[in-house]
Structures are given as structure tokens and as C-alpha cells.
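Counting from 1, position 111 in the sequence shown corresponds to residue 111 in this note's numbering; the numbering is continuous, with no gaps.
What follows is a single structure, written as C-alpha cells, with notes after it.
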Amino acid sequence: MKTVKSGLGRVGLFSLLILLAWYLPSWADVPTLSMEGPDQFVSQQPFSITLRVVHHGNNFIHHISKLAIYVDGKEAKVWTYNWKNYPREESWSVSHELTLAREAKITAIATCNLHGPSKEASLEIVPSLSR
Numbered sequence: 001m002k003t004v005k006s007g008l009g010r011v012g013l014f015s016l017l018i019l020l021a022w023y024l025p026s027w028a029d030v031p032t033l034s035m036e037g038p039d040q041f042v043s044q045q046p047f048s049i050t051l052r053v054v055h056h057g058n059n060f061i062h063h064i065s066k067l068a069i070y071v072d073g074k075e076a077k078v079w080t081y082n083w084k085n086y087p088r089e090e091s092w093s094v095s096h097e098l099t100l101a102r103e104a105k106i107t108a109i110a111t112c113n114l115h116g117p118s119k120e121a122s123l124e125i126v127p128s129l130s131r
């Protein structure tokens with residue numbers, strides 16, 4: 001009889017794990033990304049861009065795998081994460097300094113390893129007329 005009880009316990013535990021695996025991804029989501037930075041910049045002077053990421057359900061199986069900033073479509077900065085090294089918080093931010101010589105479109109994308117990329121966050125930035 002012990003064999004039957006322990007077998008039923010294993011089936012119950014296995015069923016619970018399957019239900020959790022089914023339910024948890026529905027609670028998690030595609031990342032939400034916003035970007036903060038100046039409207040204007042001084043040519044050849046560094047300025048800071050801050051990315052704010054919201055991603056529910058972070059764990060070693062489900063997390064942000066890549067966060068990237070692009071200037072006029074060219075990669076300017078990339079953060080990569082894996083199952084051992086990922087932000088544990090659901091809401092977090094990173095900053096990066098850029099130096100530009102002319103007007104530019106700055107975009108960013110956060111990518112979830114299970115749900116794919118976020119909507120693009122963007123910022124149009126122009127040189128300041130005064131130095």
C-alpha cells in the first residue's frame with residue numbers, strides 16, 4: 001500500500017508542476033519599456049539616457065535576455081542576461097551616456113527570452129542652439 005500512496009503523491013506533485021508551468025507564463029508578460037533623456041544636447045558633450053523596464057514574473061526560466069539602445073538604427077549599447085545573471089526585480093532601470101554630433105533618433109528594445117521583444121521606446125533629440 002505504501003507504493004500506491006507514494007505513487008499518488010508523485011502524480012499529484014507532477015500535476016501541480018504542470019499546472020504551475022501552464023499558469024505562470026500567462027501571468028508573465030512582454031516587457032514594458034520607457035526611455036528618459038533630454039530633448040536637446042550640446043554637440044560632442046555626453047548626456048545620459050535612462051531606460052525603465054517593467055517585466056512581470058522574472059525567474060531563471062523567464063527573464064529579460066537583452067536590452068539594447070540604438071542611435072539612428074545602429075546599436076549603441078547592449079546589456080545581455082542569462083538564467084544565472086538577470087535583474088530579479090519586476091521594475092528596474094539602467095542608464096548609459098551618449099555623445100552625439102547631430103540630431104538623432106534614439107530607440108530601445110527589451111527582449112524577453114519567452115515572450116519576445118517589447119514595443120520600441122524612442123526619443124527624438126536635437127542639438128542645442130546655445131553652448
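C-beta: ideal position from N, C-alpha, C; glycine also.
By the CB criterion at 8 Å, Ala121 and Ala104 fall outside the cutoff. For the alpha helix (DSSP H) assignment, the stretch 40–97 encloses no uninterrupted run of at least 4 residues. Comparing C-alpha distances from Asp39 to each of Ile69, Asp72, Phe47 shows the shortest one belongs to Phe47. Between His56 and Asn113 a beta carbon distance of about 14 Å is seen, past the 8 Å cut, so the two are scored as non-contacting. Apart from the 5 residues on each side of it in sequence, Leu67 sits with its Cβ closer than 6 Å to the Cβ of Trp79, Ala110 in its chain, given in chain order.
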